[in-house]
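For the sequence shown, our numbering assigns the number 140 to the initial residue and increments by one for each residue that follows.
We treat Cβ as the ideally placed atom computed from N, Cα and C, and that holds for glycine.
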Amino acid sequence: MEEQTHNVGDILLDRYQILSILGQGGLGITYRALRLGDRTQVAIKSLALRGAKSWKAIELFEREAKVLANLHHPAIPSYVDYFEIDSVTDRRFYIVQELVEGQSLSQMMDNGWHGAESEIQAIAQEILNILTYLHGLRPPVVHRDIKPQNIIRRADGRIFLVDFGAVQDTYRQTEVGSSTVVGTYGFMAPEQFRGKALPQTDLYALGATVIYLLTGDRPPTYPKRNSKSISTPLCRCRKALPSG
140 MEEQTHNVGD
150 ILLDRYQILS
160 ILGQGGLGIT
170 YRALRLGDRT
180 QVAIKSLALR
190 GAKSWKAIEL
200 FEREAKVLAN
210 LHHPAIPSYV
220 DYFEIDSVTD
230 RRFYIVQELV
240 EGQSLSQMMD
250 NGWHGAESEI
260 QAIAQEILNI
270 LTYLHGLRPP
280 VVHRDIKPQN
290 IIRRADGRIF
300 LVDFGAVQDT
310 YRQTEVGSST
320 VVGTYGFMAP
330 EQFRGKALPQ
340 TDLYALGATV
350 IYLLTGDRPP
360 TYPKRNSKSI
370 STPLCRCRKA
380 LPSG
């Protein structure tokens with residue numbers, strides 16, 4: 140896990156003041172910050188060059204910024220800024236986005252939430268609407284990491300899809316190819332284990348997410364080891380999902 144670099148009160152580029160840590164993982168830290176120009180709060184995702192496990196992590200981070208800058212959907216947090224800061228010993232990369240206040244579906248489940256079937260169907264429809272937009276772009280954008288942790292529900296019930304760190308456009312993948320496995324085990328479609336991703340890949344992950352929300356049972360860590368038991372309900376789930 141990357142070490143904390145910024146403290147509460149630190150100011151970046153005379154534009155953003157750090158307020159708190161929102162999340163921390165192997166690929167960086169996300170901060171809550173105040174945009175000094177208009178006093179609105181934003182989310183700043185940061186990755187250190189020294190903390191990156193490989194150049195692929197840097198590539199994914201930069202790709203995320205480029206893709207986010209061209210996405211315009213009310214259920215995807217708006218892109219605000221991208222910048223880099225050099226120090227004597229390191230370089231840090233930053234993505235600034237609209238801050239969405241709420242809980243992930245994973246947090247809600249951990250806190251005892253069990254949505255009714257109609258409620259979960261409505262959530263699935265919201266995500267399908269987002270995927271219709273992403274997959275309808277030219278080239279199509281594949282999120283590659285649809286899961287309960289990346290679906291945020293605000294207090295007013297609005298749904299947001301976050302964390303485009305694994306995003307891939309299919310044109311680039313077809314032309315350049317990829318052998319890197321990106322995604323979350325249990326929610327990954329079989330083709331992701333071969334480093335490939337298609338728009339259908341996101342539908343598989345959404346199906347796994349819906350099954351988890353309905354049953355409370357987490358998908359198996361390696362779907363291939365139990366492909367028969369997971370593939371059957373996933374196929375049923377795809378058919379049951381409302382059309383976009």
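Assigned exposure category for residue i - 16 Cβ within 10 Å defines buried
| i | result |
| --- | --- |
| valine 227 | exposed |
| threonine 169 | buried |
| valine 276 | Here the sequence assigns leucine to residue 276, which means valine is not the residue at that position. By the neighbour-count rule (16 or more Cβ atoms within 10 Å), leucine 276 is not buried but exposed. |
| histidine 211 | exposed |
| threonine 340 | buried |
| valine 181 | buried |
| serine 193 | exposed |
| threonine 271 | exposed |
Coarse secondary structure for residue i, derived from DSSP in three states
| i | result |
| --- | --- |
| isoleucine 215 | coil |
| alanine 172 | strand |
| glycine 346 | helix |
| isoleucine 234 | strand |
| leucine 193 | Residue identity check: residue 193 is serine in the sequence provided, not leucine. Residue state, collapsed to three classes: coil. |
| aspartate 81 | Lying before the first or after the last residue shown, residue 81 is absent from the chain, which here runs from 140 to 383. |
| alanine 204 | helix |
| tyrosine 324 | coil |
| glutamine 156 | strand |
| phenylalanine 222 | strand |
| arginine 292 | strand |
Nearest neighbour of residue i, chosen from the options [CA to CA]
| i | options | result |
| --- | --- | --- |
| glutamine 288 | Arg277, Asp302 and Gly296 | Asp302 |
| serine 159 | Gly325, Leu238, Asp249 and Ile197 | Leu238 |
| leucine 173 | Leu151, Tyr324 and Asp295 | Leu151 |
| valine 349 | Gly334, Ser185, Gly322 and Ser257 | Ser257 |
| aspartate 229 | Ser185, Gln156 and Arg333 | Ser185 |
| glutamine 260 | Pro338, Ile183 and Leu345 | Leu345 |
| isoleucine 224 | Ala204, Ser193 and Ala187 | Ala187 |
| isoleucine 262 | Asp153, Met248, Pro278 and Leu244 | Leu244 |
| glutamine 163 | Pro216, Thr144, Gly148 and Asp177 | Thr144 |
| phenylalanine 222 | Gln264, Ile234 and Glu203 | Ile234 |
| glycine 196 | Val147, Gly322 and Arg292 | The question names glycine, but residue 196 is alanine in the sequence shown. Closest option to alanine 196, Cα to Cα, is Gly322. |
Beta-bridge pairing of residue i - partner residues as DSSP gives them
| i | result |
| --- | --- |
| alanine 182 | Arg171 and Gln236 |
| arginine 297 | Looking at the DSSP assignment, arginine 297 forms no beta bridge with any residue, so it has no partner. |
| glycine 162 | Thr169 |
Cβ of residue i within 8 Å of any chain D Cβ
| i | result |
| --- | --- |
| serine 193 | The chain labelled as chain D is not found in the depicted structure, where only one protein chain is given. |
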